[in-house]
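Please read the structure below before turning to the comments.
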DNA sequence: CGCGGCATCTGACCATTGTCAAGTTCTATC
DNA sequence: GATAGAACTTGACAATGGTCAGATGCCGCG
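Protein chains in written order, with this note's numbering: chain A, 10 to 223; chain B, 10 to 223.
Below is the structure:
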């Protein structure tokens, strides 16, 4: 959590970039994504106020780099969760693992997660960001596709929306503190189990998806 | 969507409060919650820069008032959706209606929804806000309780988390534009149906909630 | 040992914002 | 129609931030 103010010599030399990203994490945790400013980051990294410009261009560039790092960690957390499964694990278990990995990431990296949700602060056209974000989504999408290979497009989209919304919403409410103390690790596991069961349930006819009349 | 710059006389009298809240909505839509400032609101309402202080105190007060208005509209949207049901509607249909009401609100009031998610910008100790937010949550909670009266605490919490996270996450991803074009009204309806079906499914033993081994 | 180039620093500029104090204009009430 | 009080305006202050230009220090190569 510390920012390594400076090695000893006067220059960071390549390490400045990471030191600035660490500073972003620190500020987001302490005072929220709003409070991030180029100057404050430079202050914490022990460098002068305009030292960040050569590395990131402007504030948006800095935050985009931070969010990209977050997307990479998210994908890694999902892959790690998958890696704990035996090779013979059922598709449902694999889908559940991606969900738990997502939640574990949000829990372990609250600063990254909060900033990744703030799409207004980052540049979503950035190639690096697109690639990282796409990789994380592909993990969920692949796990879902393996669950019921015969799904038609509509059923697949509904289930993707369900899994993604459910897990993301849980993490978002938790990160914002809007959960009223309801969210616990046990609830998280139960939630993932319910989500996977719902995705794995037999597909009903598109014209009456679910037993709920409007 | 317009802010009614000023009636004709020089003073808003009473109407300034609402005009400023309308300005907030306009700014959030155009430039995001960040861009909201007391001065910009005053500018759009056609009044001078410090006219908002007597009404809201400070910036946080203004945003809290806006969020409170949003919570009230959210509860209203859920009640409206419930009101379209026949009196004999099944509990599952009532739960689904609250979900659709929530989504309808977020779709119709994107500015309010976005700001309501930004708990760092509002004062959650505010009595008015607490009451409005509590009312909206009670609608979901009540509909859930009626679904399976015999639920134990754990099952109830998991299902509340599922319903809330699923619907909120869907709306949040949509509002942030992070959905990759996946979200359509049809997907929304399918999602609610899947959520309700999952909540209505028989409750498994707490020690093995779902068929998914870790 | 000298030198080029890059990383970083310093200083300054301009724009924006929240907040305060004091003045001004409108409305309502008598 | 006068007067009191609320609603709003004006002007100014301090703080913060992003950005630019030019100076300065450090590195490795020859």
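No residue lacks a Cβ here, since even glycine has one placed at the ideal position from N, Cα and C.
Model, not experiment: these values are computed from the prediction.
Around the C-beta of residue i, are 16 or more other C-beta atoms found within 10 angstroms, so that it is buried, or is it exposed?
i	result
residue 38 of chain B	exposed
residue 57 of chain A	exposed
residue 159 of chain A	exposed
residue 143 of chain A	exposed
residue 134 of chain A	exposed
residue 198 of chain B	buried
residue 6 of chain B	Since the first and last residues shown for chain B are 10 and 223, residue 6 of chain B lies out of range.
residue 31 of chain B	buried
residue 44 of chain A	exposed
residue 40 of chain A	exposed
residue 97 of chain A	exposed
residue 175 of chain A	buried
residue 194 of chain A	exposed
residue 168 of chain B	buried
residue 219 of chain A	In this prediction, residue 219 of chain A has a pLDDT of 44, which is less than 50 and means its spatial position is unreliable; what the coordinates show is noted afterwards. Residue 219 of chain A comes out buried.
residue 54 of chain A	buried
residue 120 of chain B	buried
residue 93 of chain A	exposed
residue 103 of chain A	buried
residue 79 of chain A	buried
residue 178 of chain A	buried
residue 270 of chain A	Nothing in the structure corresponds to residue 270 of chain A, since chain A is present only between 10 and 223.
residue 147 of chain A	exposed
residue 155 of chain B	exposed
residue 216 of chain B	Confidence at residue 216 of chain B is low in this model, with a pLDDT of 47, below 50, so the placement of that residue should be treated as unreliable; the coordinate-derived value is given next. Per the 10 Å Cβ criterion, exposed.
Which residues in chain A sit within 8 Å of residue i, going by Cβ to Cβ distance?
i	result
residue 179 of chain B	170, 174, 178
residue 49 of chain B	Neighbours of residue 49 of chain B on chain A: none; closest Cβ ~16 Å, over 8 Å.
residue 46 of chain B	Correct list: empty, because the minimum Cβ distance to chain A is about 12 Å.
residue 192 of chain B	170
residue 83 of chain B	Per Cβ cutoff of 8 Å: no residues; residue 83 of chain B is ~13 Å from chain A at best.
residue 149 of chain B	What residue 149 of chain B touches in chain A: nothing, since even the nearest Cβ is about 12 Å away.
What number of angstroms, rounded off, separates the C-alpha of residue i from the C-alpha of residue j?
i	j	result
residue 52 of chain B	residue 152 of chain A	51 Å
residue 173 of chain B	residue 69 of chain B	26 Å
residue 64 of chain A	residue 209 of chain B	53 Å
residue 50 of chain B	residue 59 of chain A	32 Å
residue 191 of chain B	residue 108 of chain B	19 Å
residue 222 of chain A	residue 117 of chain B	Low confidence applies to residue 222 of chain A: its pLDDT is 45, below 50, so where it sits in the model is not reliable, and the reading given next is rough at best. Their backbone Cα atoms lie some 23 Å apart in a straight line.
residue 111 of chain B	residue 150 of chain B	13 Å
residue 138 of chain A	residue 125 of chain B	27 Å
residue 15 of chain A	residue 185 of chain B	With a pLDDT of 41 at residue 15 of chain A, under the threshold of 50, the predicted position of this residue should be treated as unreliable, though the coordinate-derived value follows. Looking at the two C-alpha atoms, the distance is approximately 37 Å.
residue 48 of chain A	residue 145 of chain B	41 Å
residue 196 of chain B	residue 163 of chain A	8 Å
residue 100 of chain B	residue 205 of chain B	10 Å
residue 141 of chain B	residue 27 of chain A	43 Å
residue 81 of chain B	residue 106 of chain B	17 Å
residue 61 of chain B	residue 157 of chain B	48 Å
residue 19 of chain A	residue 29 of chain A	In this prediction, residue 19 of chain A scores a pLDDT of 48, lower than 50, which makes its location untrustworthy; the coordinate-derived value is nonetheless stated afterwards. About 16 Å.
residue 165 of chain A	residue 189 of chain A	32 Å
residue 89 of chain A	residue 85 of chain B	43 Å
residue 72 of chain B	residue 213 of chain B	43 Å
residue 211 of chain A	residue 203 of chain B	11 Å
residue 171 of chain A	residue 180 of chain A	14 Å
Could you name the residues of chain B that residue i contacts, counting a contact when the two beta carbons are closer than 7 Å?
i	result
residue 41 of chain A	129
residue 196 of chain A	166, 167, 170
residue 25 of chain A	Near residue 25 of chain A there are no residues of chain B at all, since even the closest Cβ is about 27 Å away, more than 7 Å.
Quick one: which chain A residues come within Cβ less than 9 Å of residue i?
i	result
residue 89 of chain B	Chain A residues near residue 89 of chain B: none, gap ~13 Å exceeds 9 Å.
residue 203 of chain B	167, 168, 170, 171, 207, 208, 210, 218, 219
At 7 Å on the CB atoms, spell out the chain A contacts of residue i, in chain order.
i	result
residue 139 of chain B	Under the 7 Å cutoff, chain A gives no residues; its nearest Cβ is about 11 Å from residue 139 of chain B.
residue 186 of chain B	128
residue 200 of chain B	167, 170, 171, 174
residue 156 of chain B	Near residue 156 of chain B there are no residues of chain A at all, since even the closest Cβ is about 11 Å away, more than 7 Å.
residue 71 of chain B	Near residue 71 of chain B there are no residues of chain A at all, since even the closest Cβ is about 16 Å away, more than 7 Å.
Starting from the beta carbon of residue i, find every residue of chain B whose beta carbon is closer than 9 Å, and list them in chain order.
i	result
residue 29 of chain A	Those do not exist, as residue 29 of chain A stays about 21 Å from chain B at its closest Cβ, beyond 9 Å.
I want to verify the contact list: residues of chain B whose CB lies under 8 Å from the CB of residue i, in sequence order.
i	result
residue 38 of chain A	Within 8 Å Cβ-Cβ: nothing; residue 38 of chain A doesn't reach chain B, min ~12 Å.
residue 124 of chain A	What residue 124 of chain A touches in chain B: nothing, since even the nearest Cβ is about 12 Å away.
Identify every run of the beta strand (DSSP E) within the region 155-213 of chain B, keeping only runs that are complete inside it and at least 3 residues long; order them along the chain.
Listed in chain order, there is nothing to give.
Please give the ranges of any alpha helix (DSSP H) in the region 58-103 of chain A, keeping only runs that are unbroken, at least 4 residues long and fully inside the region.
For the alpha helix (DSSP H) assignment, the uninterrupted runs of no fewer than 4 residues enclosed by the region 58-103 of chain A are, from N- to C-terminal side, 62-65, 68-92.
Counting only runs that start and end within the region 116-148 of chain B, where is the alpha helix (DSSP H) found for 4 or more residues in a row?
Here the runs fully enclosed are 119-126.
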